[in-house]
Amino acid sequence: MNPIEVKNLSFQYEKNTRKILDNLELTVAAGEIVAIVGLSGIGKSTLCYCLSGIIPHVYGGIMTGHVYLNGRDTRDLTLPQIATTLGIVFQNPDNQLFSFTVEDEVAFGPENLCLPPEEIECRVTDALEKVGMLKFRHANPQQLSGGQRQLIALASVLSLQPEILIFDEAMSQIDRRGKKMILEMMLKLKAEGRTIVMIEHDLENLFVADRVLVLKDGRLAPFAGKLS
Amino acid sequence: MWAKMICLDPRTKLFMVLTVSSLAVFITNLSLLLCVLLLALAAVAFTGGNPLGLLKKLKKFLLIFVVIVFVQSIFTKGGQPVWQVLNFTVVSDLGLVRGLQMILRFFIIISSAAIMTTAKPREIIQGLVQCKIPYELAFMVTIAIRFLPILRDEVNDILTAIQLRGVNLKQIPLMKRLKTYAYLIMPMITSVLLKAQELSVAMEMRAFRAYPRRTSLRTLKMQKQDYLIIALCFFVFLLVVVLALKIK
């Protein structure tokens, strides 16, 4: 069973006549990094939302076809159920972080899962160690750099121990050093056997991917090196 | 220095705030109100705050306080006139008392609220959760506190954008300026809604509201000094209420 399987997925936003995703097919194997590129407004983030169950659970629209995570249809799962299987890091770290300390931010997910404090403590330490931010444990996330904030956003997802990770243009708002940190992190996670889907617009970041696909006219195709 | 050494539970601080602000509402006697204000300032100092700094900040509102006294005086019937203009009482003794009462209450409530600023926001939220307040409500408070500076920056960005288009807000007439400020509302609301939606999705993707309850990495524990302060608050509350009833 593959961690991600998408079958005949079509999606159309309400008040929009065009299908942004049209009979899209995708299979991602365990431990694989798949990069998805495409022009702005082509539907990359929409695909991300479909993979993570945000569509249809949060955003409305006409969705047909199926997205399976470890063989289970996202329609049949609730978002908190999905959260333990799949973690998503969004573009803007400012809209993901809301706690007053890094520790609280990373503990938020495990606390929601009603884990005992000792287990939460272990997960927080593990996640912060993985992203190399343990020394900032008691810092205010707002006082960190963009790259560091994105690493905290990643740590807060990792503390839920999901086996699938989605990076929705997670490197678009950070500097070169921050990008390097995130890319190195992706390779580490791949080595741990996690499955990663990265949505990218910067072709320089694609070297970490095992496969690069391009989203065009609502479908995915192998990337030939040029977007247009 | 000793104040910093005493680390009070945020629930104790909340109790102090409730005691002092309740007294401010119940009491009408000016000298008792003044005592409560001194008590509130002492509490601010005790919890590690800066009462002098607070008073300096309140100085900015001096003009508003003077206006409040006049307005109270004009609309309060009865009492002996203190200042009359053409048989119209501008300031009466009763109005003056009411105005002063209002100012003292304002001072007390602001001072008592300053007690809470000495607690860490995270601890306040945890305190609320441990007081059996639903955690969704407690998180609403966190997010409101956390996003206020972001919203302020947003307003400043929009104002800068308006000024970069050649509108000098300082030089245009008041009515036109107010109209310009109205243009802020739409982009502000749009931006706030988008941020709120993105944040709520990010929270749900981290299992928020997965269960009706949630655990906490850090929990608060009341110490001896907390129980002592709460008992003291009870005592002071009762004492001031008894004194207020006797003075009546």
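If you read the protein sequences in the order shown, they are chains R and E.
For the first sequence, this note's numbering assigns the number 1 to the initial residue and increments by one for each residue that follows.
For the second sequence, this note's numbering assigns the number 229 to the initial residue and increments by one for each residue that follows.
Heads up, the beta-carbon is just placed ideally off N, CA and C, and yes, glycines get one too.
For Asp22 of chain R, the secondary structure class from DSSP, reduced to helix, strand or coil, is strand.
Around Ala153 of chain R, the same chain offers Val89, Pro93, Gln96, Leu97 as residues with beta carbons nearer than 7 Å, after the five sequence neighbours per side are excluded. By the 16-neighbour rule on beta-carbons within 10 angstroms, Phe207 of chain R is exposed. Looking at the DSSP output, Tyr68 of chain R sits in a beta bridge with R:Glu5, R:Asp73. Secondary structure within the stretch 77-129 of chain R: the beta strand (DSSP E) runs of 3 or more consecutive residues, fully enclosed, are 86-89 (chain order). Residue contact check for Ile166 of chain R against chain E: no CB pair falls below 7 Å. In the three-state reduction of the DSSP assignment, Phe293 of chain E falls in the helix class. Taken through DSSP and simplified to helix, strand or coil, Asp168 of chain R comes out as strand.
Inter-residue distance for Thr388 of chain E and Asp126 of chain R is about 43 Å (C-alpha atoms, whole angstroms). Per DSSP, reduced to three states, the secondary structure at Ser52 of chain R is coil, with no helix or strand assignment. Nearest neighbour of Leu261 of chain E by Cα position, chosen from E:Phe316, E:Thr275, E:Ile331, turns out to be E:Ile331.
Judged by pairs of C-beta atoms under 8 Å, the stretch 429-443 of chain E does not touch the stretch 388-398 of chain E, as fewer than three such pairs exist. Within the model, the alpha-carbon separation for Arg176 of chain R versus Gln91 of chain R is close to 15 Å. Ranked by how close their Cα comes to the Cα of Pro117 of chain R, the residues E:Leu406, E:Ser444, E:Tyr363, E:Phe293 have E:Ser444 in first place. A straight line joining the alpha-carbon of Ala191 of chain R with that of Glu184 of chain R spans about 11 Å. Under the Cβ criterion of 7 Å, Met414 of chain E is not counted among the residues facing chain R.
Annotation: Glu119 of chain R to Pro110 of chain R spans about 8 Å, alpha carbon to alpha carbon.
Residue burial is scored here from C-beta neighbours: Asp168 of chain R has at least 16 other C-beta atoms within 10 angstroms and is therefore classed as buried.
Non-local beta-carbon contacts of Glu14 of chain R in its own chain, meaning distances under 8 Å to residues more than five positions away in sequence, involve Gly60, Gly61, Ile62 in chain order.
Thr388 of chain E is outside the set of residues whose beta carbon lies under 7 Å from a beta carbon in chain R. Listed in chain order, the alpha helix (DSSP H) runs fully inside the stretch 363-441 of chain E are 363-392, 402-432, counting runs of at least 4 residues.
Nearest in C-alpha terms to Gln12 of chain R, of all of R:Leu21, R:Glu5, R:Ile4, R:Gly225, is R:Leu21.
Contact of Gly60 of chain R with chain E is not assigned, every C-beta pair being separated by 7 Å or more.
Under the Cβ criterion of 7 Å, Glu351 of chain E is not counted among the residues facing chain R.
The continuous beta strand (DSSP E) containing Arg211 of chain R extends over residues 211-216. Note that the C-beta distance between Val124 of chain R and Ala107 of chain R is below 7 Å. In the three-state reduction of the DSSP assignment, Ile361 of chain E falls in the coil class. Arg219 of chain R carries a strand assignment under DSSP once its states are collapsed to helix, strand and coil. One thing to note: Lys241 of chain E has its Cβ within 7 Å of the Cβ of Ile343 of chain E. Shown here, Gln453 of chain E sits in a helix according to DSSP, grouped into three states. Nearest neighbour of Ile337 of chain E by Cα position, chosen from E:Ile417, E:Leu265, E:Tyr411, E:Leu427, turns out to be E:Leu265. The Cβ-Cβ distance between Cys114 of chain R and Tyr363 of chain E does not fall below 7 Å. Ranked by Cα distance from Leu79 of chain R, the first of R:Leu51, R:Ala209, R:Pro141 is R:Leu51. In this structure, Gln358 of chain E sits away from Gly327 of chain E, with a CB-CB distance that is not shorter than 7 Å. The continuous stretches of alpha helix (DSSP H) do not include Glu200 of chain R, which lies in the beta strand (DSSP E) extending over residues 195-200. When 8 Å is used as the limit between beta carbons, Leu427 of chain E is near these residues of chain R: Asn95, Gln96, Phe98, in chain order.
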